[in-house]
Structures are given as C-alpha cells and as structure tokens.
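K.L.:
Residue numbers (this note's numbering), protein chains in the order written: chain A, 2 to 154; chain B, 2 to 154; chain C, 2 to 154. Even for Gly, the Cβ is constructed at its ideal location relative to N, Cα and C. All of these numbers come straight from a predicted model, not from anything done at the bench.
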Amino acid sequence: MASLMEDEVFRSFAKYAAIITTKLLLMGPVTAYYRLTRKAFQNPEDAAAHSSKPEDLKQLVRTNDDVERARRCHQNDLENIVPFVLIGFLYSLTGPDPAWALLHFRVFVCSRFIHTVAYLRALPQPSRGLSWIVGLLTTMSMAHSVVHSVVFH
Amino acid sequence: MASLMEDEVFRSFAKYAAIITTKLLLMGPVTAYYRLTRKAFQNPEDAAAHSSKPEDLKQLVRTNDDVERARRCHQNDLENIVPFVLIGFLYSLTGPDPAWALLHFRVFVCSRFIHTVAYLRALPQPSRGLSWIVGLLTTMSMAHSVVHSVVFH
Amino acid sequence: MASLMEDEVFRSFAKYAAIITTKLLLMGPVTAYYRLTRKAFQNPEDAAAHSSKPEDLKQLVRTNDDVERARRCHQNDLENIVPFVLIGFLYSLTGPDPAWALLHFRVFVCSRFIHTVAYLRALPQPSRGLSWIVGLLTTMSMAHSVVHSVVFH
Chain A
2 MASLMEDEVF RSFAKYAAII TTKLLLMGPV TAYYRLTRKA FQNPEDAAAH SSKPEDLKQL
62 VRTNDDVERA RRCHQNDLEN IVPFVLIGFL YSLTGPDPAW ALLHFRVFVC SRFIHTVAYL
122 RALPQPSRGL SWIVGLLTTM SMAHSVVHSV VFH
Chain B
2 MASLMEDEVF RSFAKYAAII TTKLLLMGPV TAYYRLTRKA FQNPEDAAAH SSKPEDLKQL
62 VRTNDDVERA RRCHQNDLEN IVPFVLIGFL YSLTGPDPAW ALLHFRVFVC SRFIHTVAYL
122 RALPQPSRGL SWIVGLLTTM SMAHSVVHSV VFH
Chain C
2 MASLMEDEVF RSFAKYAAII TTKLLLMGPV TAYYRLTRKA FQNPEDAAAH SSKPEDLKQL
62 VRTNDDVERA RRCHQNDLEN IVPFVLIGFL YSLTGPDPAW ALLHFRVFVC SRFIHTVAYL
122 RALPQPSRGL SWIVGLLTTM SMAHSVVHSV VFH
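1. Cβ of Leu61 of chain B less than 7 Å from any chain C Cβ?
2. DSSP puts Phe90 of chain B in a beta bridge; with which residues?
3. How should Asp98 of chain A be labelled, buried or exposed, when 16 other C-beta atoms within 10 angstroms of its C-beta is the threshold for buried?
4. Take the Cβ of Lys59 of chain A as the centre, count every other Cβ of all protein chains shown within 10 Å, and call the residue buried at 16 or more, exposed below.
5. Just to check my reading of the structure: Val147 of chain C and Val83 of chain A have Cβ atoms closer than 8 Å, yes? What is that Cβ distance to the nearest angstrom?
6. Compute the minimum distance between the beta carbon of Thr139 of chain B and the heavy atoms of the ligand FAD, and state whether it is under 6 Å.
7. Output, in chain order, the set of chain C residues within a Cβ distance shorter than 7 Å of Val83 of chain B.
8. Measure how close the beta-carbons of Val86 of chain B and Ala33 of chain B come, nearest whole angstrom, since I'm counting them as under 8 Å.
9. In terms of residues, what are the limits of the alpha helix (DSSP H) holding Arg107 of chain B?
10. Judging by CA-CA distance, which residue of C:Met6, C:Leu5, C:Ser4, C:Val10 is the nearest neighbour of Ala100 of chain C?
11. If the criterion is Cβ atoms closer than 7 Å, does the pair Val151 of chain B and Ala102 of chain A meet it?
12. Within 7 Å of any Cβ in chain A, is that where the Cβ of Glu80 of chain B sits?
13. Going by other Cβ atoms of all chains shown within 10 Å of its Cβ, with 16 needed for buried, is Glu80 of chain C buried or exposed?
14. Thinking just about the alpha-carbon of each residue, which of A:Ala48, A:Leu91, A:Leu124 is nearest to the one in Arg12 of chain C?
15. Could you please give the first and the last residue of the uninterrupted alpha helix (DSSP H) stretch that includes Lys54 of chain C?
16. Which stretch, first to last residue, makes up the alpha helix (DSSP H) that contains His145 of chain B?
17. Closest to Ser8 of chain B by CA distance: which of C:Leu94, C:Met6, C:His75 is it?
18. Could you check the C-alpha separation between Leu27 of chain A and Pro55 of chain B for me, to the nearest Å?
19. Residue range of the alpha helix (DSSP H) that Pro125 of chain A falls in?
20. How close, in whole Å, do the beta carbons of Ala50 of chain B and Pro127 of chain C come, if the pair is a contact with beta carbons under 8 Å?
21. Between Met6 of chain C and Ile88 of chain C, is the Cβ-Cβ spacing less than 7 Å?
22. Could you check whether Thr139 of chain B and Cys74 of chain B sit closer than 7 Å to each other, using their CB atoms as the reference points?
23. Of all Cβ atoms in chain B, is any one closer than 7 Å to the Cβ of Ala15 of chain C?
24. Taking its Cβ as the centre, do 16 or more other Cβ atoms sit within 10 Å of Leu137 of chain A, making it buried, or is it exposed?
25. For the alpha helix (DSSP H) that Val10 of chain A lies in, which residues bound it at each end?
26. Measure the beta-carbon distance from Asp67 of chain C to Arg39 of chain C and round it to whole angstroms, keeping in mind my assumption that it falls under 8 Å.
27. Compute the Euclidean distance between the alpha carbons of Tyr120 of chain B and Phe42 of chain A, then round it to the nearest angstrom.
28. For Cys145 of chain C, which of C:Leu131, C:Leu25, C:His105 has the nearest alpha-carbon?
29. Closer than 7 Å, CB to CB, is Met143 of chain B near chain C or not?
30. Quick check: the Cα distance between Met141 of chain B and Asp47 of chain C, rounded to an integer number of angstroms?
31. Name the residue from B:His154, B:Val110, B:Pro45 whose alpha carbon lies nearest to the alpha carbon of Ile134 of chain B.
32. Would Thr23 of chain A pass as an interface residue toward chain B - the criterion being a Cβ-Cβ separation below 7 Å?
33. Closer than 6 Å by C-beta to Leu37 of chain A: which residues in its own chain qualify, once you throw out the five before and the five after it? Chain order, please.
Right, dumping it as structure tokens:
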C-alpha cells in the first residue's frame, strides 16, 4: 500500500495534484460568492431563499457578467486540471526523471493559478491564452511520455 | 497488482468511487429522458429524428426548464464527484484510519444523492446548498490529509 | 513503483487512457479554432485582441453555431471520458481477463472517436446517440465489475 507513497515522484505528484484539485474545487464557492453578492441566481428556489417578494423571484433568476466569467473559469479548470491529474498519475508510474517530473507539475500548477487571475480580473490577452497553452503543452508532454513508455518498453 | 485491492481502505474507496461515478454517468440518460419527454433538443439532427416536418425542426431546438435543471445537476456532479475520486484515491494511499476513511466516503456519497434529489425536485433551500457544502468539506478534508501526509512524513 | 506498469492489463489501460484523455484535451484547441475562424468570442478582452474598433467589440462577443457544437462535443467528452478513466483504473486493479479488458478499452476509445465525428459533422441520428450509448455501457460494465469484485471477493 505504502509503496506508491514511498516513491519520490509519486509523492510530488500527490502534493501538486491535491493542491490543484482543491483550487478547482474552490471555484464552486467563488461562483457562489459572485451569485450572492451580484444577486444573480440560476434556480427559483435559490432566489426564494433571498427574497420573499414574488416580483423579486423572476428578477433574481438572471445571468450576470461576473458570475458567467467565474463559471467559464471553473469550466476551463475542469477541462484542463482533471486531464492533468489523470495523465500525471500514469506519468508518475512510468519512472520519469524526478527533476523533470517536478518541473512538469510545478509549471502546470503555476500556469493554472496565472490563468485564474487572468480570467477573473479580465487581464488583456494573451495573458490568459498563454497560461492555458502552457498548461495544455505540459499535460500533452506527460501523455506522450506515457504512450511512449507503454509502447516501447 | 493485487496489492492495492488487498488493502481495506482502498477496497472501500474503489466501491464508493465506482458507485458515485456510475451515478454521475447516469445523469446523461436522465438529461436525455427529459429532452425526449419535453421534446427540447440541442441539435437540429436530434430534432430531425423526432419529426420530419420542417416547421417542427426549429421549434424543437429549444431549452426547457426541466432539461436545464438536469443539466445543472449533472454539471455540479462533474465539478464535485470527479475531484472526490481523484483526491479520495490519493487519500487512500496515505494510510488513513479505516473507520475515518469509510466515514469520509459514506458522507460524501450520501451528500451527493441528497443533492441530486434536492436539485431535480427543486426542494426549498438550504437543502441543496447544505448537501453541496457537506460534500465539498469532505473532499477538502481528504485533500488536507494528502498534503499533510506528503509534506510531514 | 514499476509493479503497476508491469501488469499487462494496466499497461493497456495506461495507453488507451492517455490517448483518449489527450483527445478530450484537444477539444480545447478545436473550440478555439472555431472561435478564431468564426470570430465569435466569450470575453471582451478576447475580442479586443482581434480588433481595436470599439464598435467591433460588442459584435464579436457572440455565440456561433459551429462554436457551440464544438463546446457541446467537448462537454460530452468530459462527462464520459473522465468517468471511463476513473472506473477503468479501478477495473484494471480487479484482475480482469486481459482480452476482455482490452476489448472494453478499445470499444470505448473507438466509440468516442465516432461520437466526435458524428457531433462535429452533424451526422444524422442515431449515429451520435448510438456511439454515446456504446461508450456508456462499456464504462458501466467496468463499474459493475469493480463493485462485484470488491463486494464478493
């Protein structure tokens, strides 16, 4: 059982995977914060918890630019962080060079934090685009190592 | 190979992860059911499979409240169940107390079934909100254990 | 460490999981390609990177049928490929028959490539629906094996 956790690369992977998955998870409360402060809800029952006036109910079920921005950021995290963890796990098992593996994990995690700041603050492009592509290339480099390792070893 | 599956905590994890991932997967057919019964499709080719009248095609590509509710429930499942499985796997490898680990898995799985019922039935808040937060805290507690275990042991 | 990668079934799983997760990841660039060629952006800062005329900014933040189709395809991939990898991993650990396991992995991967072609090309139904259901049943068959294996062995 403990054998995976005794491996240096796997321990690094576990740490960075837990950190970046927690960051993905926290996009839920971030979106909820925007919904509550901007009073923009998706469901009538949510609006009803914030106002008992019937005329408010219809008005509070609406979209808001800040909420939609947080949702898009959350969705991009889902689309990129989940594949990173799935492929990073397999990559950790192929016996990569520890320093090289650590570089992959750190570059990916940094790129996603930069991506979130660029998205939520609406920083000018190409800040968000570049941070997205860096994360994408990091994961694809690991996926290539996995396929190469399985096919040729 | 069999070493992971011989571990008590990992076996519990595997069972609950398989159950809750199947539940996530079944939200697809649930949404499809609402699309078919409410006749609200996303693609012209889907509408074409249900009616050959040209004037129907435009009308059948539409949104419907029940369909959108099922989709939001599915999306919330994706955002929460996938991180649970990713982090729960790493947590299982850190050698947690079996009873404590089992409590985490069971509380999470229960919270997500309650969440789905609360969402699809539009139960009054805070039923859905609380079940979401309980699941979130369960996963974050496991993520904390993973990082703590890697950094301090 | 190497013990998982020395297992025949796990090696097959690693290969197919890396391939299909890379395919999921590539839906990001596919959507970006449609956004750039159709000039349909989600964020004002993205539109600003493509035109400096103020009157263009509002017009370029819009939806486009091809972009929305690529996004739905990406979303369906997320909803189906991620559960496949999660459950496929647990399934690989239950000691399945190698030929039977390989069949599951190959059928799933094929079904998703067909699904993507059917979606992006808007092929007549039931091509897309069938490829989705085949993938779904493959993953559920593996989930059943996992639960059965944990409960009865």
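P.N.:
If we stick to the structure as given:
1. no
2. Phe90 of chain B pairs with nothing; no bridge assigned.
3. exposed
4. exposed
5. Not quite, the Cβ-Cβ distance comes to about 20 Å (not below 8 Å), so this is no contact.
6. Here there are no bound small molecules, and the ligand FAD is not part of this structure.
7. Val83
8. Separation of the CB atoms of Val86 of chain B and Ala33 of chain B is rounded to 23 Å, and the pair is thereby denied contact status at 8 Å.
9. 99–121
10. C:Val10
11. no
12. yes
13. buried
14. Nearest C-alpha to Arg12 of chain C among A:Ala48, A:Leu91, A:Leu124: A:Leu91.
15. First-last for Lys54 of chain C: undefined, no H or E at that position.
16. 128–153
17. Checking the sequence, you will find Asp at residue 8 of chain B rather than Ser. Of the candidates C:Leu94, C:Met6, C:His75, the one whose C-alpha sits nearest the C-alpha of Asp8 of chain B is C:Leu94.
18. 46 Å
19. Per DSSP, Pro125 of chain A belongs to no alpha helix (DSSP H) and is neither H nor E.
20. Right, their Cβ atoms sit about 7 Å apart.
21. no
22. no
23. No, no contact with chain B.
24. buried
25. 9–39
26. 6 Å
27. Their backbone Cα atoms lie some 14 Å apart in a straight line.
28. A quick correction: the sequence has His, not Cys, at residue 145 of chain C. Nearest option by C-alpha distance: C:His105.
29. no
30. Whole-angstrom Cα-Cα distance: 34 Å.
31. B:Val110
32. yes
33. none
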